[in-house]
Amino acid sequence: MRKAARLAAVGALLYAARRYYRNWGTTKEEYRRWLPGDELMYRPSVWSTTGVWIDAPVSAVWPWLLQIGHRSAERIDPEWQRLEPGDVVRLTPNGWLGLRNGLTMTVAQVIDDEAVVLRGRPPGFPWEAVWTFHVEPRWEDRCRLLARTRAQLHHPGDLLLTELAGPITALFMRRTLLTIKRRAQDSLKAAELERAV
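Count along the sequence shown from 1, add 999, and you get the number used in my numbering.
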């Protein structure tokens, strides 16, 4: 009986926390606003929008977004600066969690200096999903980076699995945004130091 009560308490806590982690770092306006890629899935089963402030202009962030899917991209690589609709973006390596081909999404849309929209469908992705990275200028030296995930789930088990994985997914998304933030800010500082010399 005690074990069931603890399990119920953990479940209730996760359910209450989901409102926070599904919209981590965003305002109500950002969460509710239409973003590029939303038109690809009008009625998602689950969705989330996360965001971070970046102390760098869009021009410092955009090259890092174009390199999405390239593992361990520690520098801007000119070879990775051409992202076009139809390109396949690898999210995980082959064999990840027993998935022979890992997870992949296809570039659905690129709006220069504004948005990268990825779309996942079986067999490369377990369900229908849209993942958007949207960067907005705020003043001359700052910007806002938003990431929106929308998924259409067709089986109750998929919904349960998604809800249980929600906190882990939120942490992964947060880490992704903070990595882009760190790399953009660091590259901007390095460029400023180089100009000062």
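Every residue gets a Cβ at the ideal spot worked out from N, C-alpha and C, and that includes glycine. Here the structure is a predicted model, which means the values were calculated and not measured.
{"Asked": "Residues near W1023 in its chain [Cβ-Cβ closer than 7 Å; skip 5 each side]", "Found": "T1049, A1169, R1173"}
{"Asked": "Contact the segment 1115-1130 vs the segment 1035-1054: 3+ CB pairs below 8 Å", "Found": "yes"}
{"Asked": "Coil, strand or helix - P1136 by DSSP", "Found": "strand"}
{"Asked": "Closest Cα partner of P1077 within the set V1087, L1039, P1062, D1086", "Found": "P1062"}
{"Asked": "C-alpha distance - R1147 paired with S1186, whole-angstrom precision", "Found": "25 Å"}
{"Asked": "Residue environment, W1130, which counts as buried when at least 16 other CB atoms sit within 10 Å", "Found": "buried"}
{"Asked": "Burial state of A1189, where buried means 16 or more other Cβ atoms lie within 10 Å", "Found": "exposed"}
{"Asked": "Residue environment, L1145, which counts as buried when at least 16 other CB atoms sit within 10 Å", "Found": "buried"}
{"Asked": "L1102, DSSP secondary structure in three states", "Found": "coil"}
{"Asked": "Alpha-carbon to alpha-carbon, D1140 and T1181", "Found": "Correcting the residue type first, residue 1181 is Arg in the shown sequence and not Thr. Between R1181 and D1140, the C-alpha separation is close to 15 Å."}
{"Asked": "Collapsed DSSP secondary structure at A1055 in the structure displayed", "Found": "coil"}
{"Asked": "V1045 vs L1152 beta-carbon contact at 8 Å", "Found": "yes"}
{"Asked": "Exposure label - Q1066; buried when at least 16 CB within 10 Å", "Found": "buried"}
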